[in-house]
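Numbering (this note's numbering), first residue to last: 21 to 197.
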Amino acid sequence: GFYLADKESIIPQWKKLVKLYLLWSVIYLVWLQPNWIETEYASLNAYIGYFKSMVLTVSYFHRWYVLYVIYALPVYWLVKNYVPARWWIGIAFILYGSVALQYGYSQWLPGTFNAAMSTINGFYALIKAQLVILPMLLMGGYLKRRGIPKLQSSFVLLFISAAMLIAEGEILLTHGH
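Now the structure itself:
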């Protein structure tokens, strides 16, 4: 978001990411072939599953970030062009906060919230990209538009963040998680 904030179009970056993702998905598919053949996994269903996962989840586990960015960039462009920047941080906190709450505190949340998040998780990468990567793009874009905070305020915010993280860890340790 920080580097895309001033760009009129995200299409060139988006095309680069799609090409890289497809290239590395094919490379990994070729790399997996000896194992698939040896274990007798290679079949039409295996290939269909691989290509389906390329779109729905991720073709190989450590490339999730690239796929999520591919899905989040068009939404970021829409928000960047049609939503006032003053709302970006709030949107980012709501989106990222919902996935963080469900991931870390699901046992303490109402069943309806967890059920709704389970339904959202069923949409795999497309929705997860909006909950995880879009907030990062929005916050980066916001910082770029508003200017980077001075170094002293950055240290104060880092200290507050570290203190809250330690407090959260202590609460979770003492009250069970």
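Each residue gets a CB set at the ideal place from its N, CA and C atoms; glycine is no exception.
Distance CB(residue i)-CB(residue j) smaller than 8 Å
| i | j | result |
| --- | --- | --- |
| Pro155 | Ala105 | no |
| Leu14 | Gly21 | There is simply no residue 14 to check, as the chain begins at 21 and stops at 197 in what is shown. |
| Val152 | Val99 | no |
| Val38 | Ile114 | no |
| Leu86 | Gln150 | Here the sequence assigns Val to residue 86, which means Leu is not the residue at that position. No, Cβ-Cβ distance for Val86 and Gln150 is not below 8 Å. |
| Met184 | Ile109 | no |
Spatial distance of residue i from residue j (CA atoms)
| i | j | result |
| --- | --- | --- |
| Asn55 | Leu49 | 10 Å |
| Tyr123 | Glu190 | 18 Å |
| Tyr80 | Met74 | 8 Å |
| Tyr23 | Phe179 | 26 Å |
| Lys35 | Ile57 | 33 Å |
| Ser138 | Leu76 | 15 Å |
| Trp107 | Glu60 | 53 Å |
| Ile31 | Ala62 | 36 Å |
| Thr194 | Glu188 | 10 Å |
| Leu146 | Ala92 | 8 Å |
| Glu28 | Val78 | 28 Å |
| Ser45 | Gly69 | 13 Å |
| Leu40 | His82 | 14 Å |
Residue range of the alpha helix (DSSP H) that includes residue i
| i | result |
| --- | --- |
| Tyr61 | Run containing Tyr61: none; DSSP gives neither H nor E here. |
| Pro94 | 84 to 102 |
| Pro130 | Taken as a continuous stretch (DSSP letters only), Pro130 belongs to no alpha helix (DSSP H), as it is neither H nor E. |
Collapsed DSSP secondary structure at residue i in the structure displayed
| i | result |
| --- | --- |
| Glu28 | coil |
| Val78 | coil |
| Tyr23 | coil |
| Gly160 | helix |
| Gly167 | coil |
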